[in-house]
Amino acid sequence: MSKPGRLIVITGPSGVGKGTLVRLLLKRHPQLYLSISTTTRQPRPGEVEGQHYYFVSRDTFQEMVTANELLEWAEYAGNYYGTPRKPVEQQIKRGESVLLEIELEGARQIQQTFPTALRIFIVPPNVAELEQRIRRRGQDSEEAIARRLERAQAEIEAADEFDLQIVNDNLEDALVSLEAAIFTQH
Ligand code: ADP
Ligand code: 5GP
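Using our numbering, you'd call the opening residue of the sequence shown number 167 and step up by one each time.
What follows is the structure, given as structure tokens:
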């Protein structure tokens with residue numbers, strides 16, 4: 167049997183650039199497997215079922231929680247998000263590394279259930295820049311932006327719970343730091 171793969175958790179406030187970093191990371195290292203989450207959030211324009219998320223109703227999400235089908239889950243800005251357990255466990259068993267791009271509460275749950283996971287927190291250069299990035303992305307309503315910024319403050323305060331903090335100021339620098347963390351043997 168092959169050596170189990172590694173679980174890598176990437177967390178940080180909305181708009182910090184997690185999705186951008188993960189996309190670039192996967193492009194450079196196609197052997198990494200990104201877990202696709204389930205959410206009750208409405209798809210944004212251009213989001214594709216099964217590629218960005220599995221979009222489900224609240225009832226279906228609740229059924230998945232009850233059936234213990236989620237490795238972790240959390241409520242975020244009025245919607246539920248969770249990691250389907252089976253694909254992650256299968257990849258890890260096969261010796262593949264798995265990336266989770268999730269918020270703080272879920273990352274805390276992973277600390278309990280998967281203590282060997284590498285947990286990385288992406289930090290914005292400052293909160294004003296974070297707000298700019300969320301606005302520039304242009305995909306959230308004013309209400310959603312306000313909720314995300316409110317949550318961001320508490321999330322940033324939790325950054326030191328993580329194995330590693332990476333500041334996403336210059337994108338290429340942040341990517342290189344992320345690669346170093348993931349591909350350095352522990
Ligand atoms: P998250 O997945 O953390 O919510 P995104 O990856 O969607 O964040 O990034 C939010 C916005 O910030 C996007 O428009 C993205 O292009 C931009 N962005 C990401 N990283 C940087 C960076 N280092 N400098 C400037 N803008 C960035
Ligand atoms: P968005 O609505 O911007 O796609 O995601 C909102 C937040 O939910 C982001 O911080 C994202 O990382 C987080 N998220 C996405 N999928 C999951 C998941 O499966 N579990 C948890 N706990 N958070 C998730």
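The beta-carbon is built from N, C-alpha and C at its ideal position, and this holds for glycine as well.
Model, not experiment: these values are computed from the prediction.
| Query | Result |
| --- | --- |
| Ignore the nearest five residues each way along the sequence and tell me which others in P291's own chain have a CB closer than 8 angstroms to its CB. | V333, N334 and D335 |
| H218: which of Y247, A346, V231 and Q278 sits nearest, CA to CA? | Y247 |
| State the DSSP-derived secondary structure class of V182, mapped to helix, strand or coil. | coil |
| Is the Cβ of G183 closer than 7 angstroms to any Cβ of chain C? | No chain C is present in this structure, which holds just one protein chain. |
| Of the residues Q257, Q228 and L187, which one's Cα is nearest the Cα of E345? | L187 |
| Whose CA, out of W239, P211, V214 and G216, lies closest to the CA of R224? | W239 |
| Take S180 as the anchor and find which of M230, R314, Q319 and L266 has the nearest alpha-carbon. | R314 |
| Using three-state DSSP, classify Q257 as helix, strand or coil. | helix |
| Closest to Q275 by C-alpha separation, out of F221, V175 and K193, would be which residue? | V175 |
| Let me check one thing: in DSSP terms, what residues is A240 bridge-paired to? | Y247 |
| Just the Cα atoms here: how many angstroms apart are L330 and R285? | 7 angstroms |
| Under the criterion of a Cβ to heavy atom distance below 6 angstroms, does R207 qualify as lining the ligand 5GP? | yes |
| Please classify E183: is it buried, with 16 or more other beta-carbons within 10 angstroms of its beta-carbon, or exposed? | Looking at the sequence itself, residue 183 is Gly, so the reference to Glu does not match. G183 is buried by the Cβ-count criterion. |
| Put V188 into one of helix, strand or coil per three-state DSSP. | helix |
| Is V182 a contact residue of the ligand ADP, with contact defined as CB to any heavy atom under 6 angstroms? | yes |
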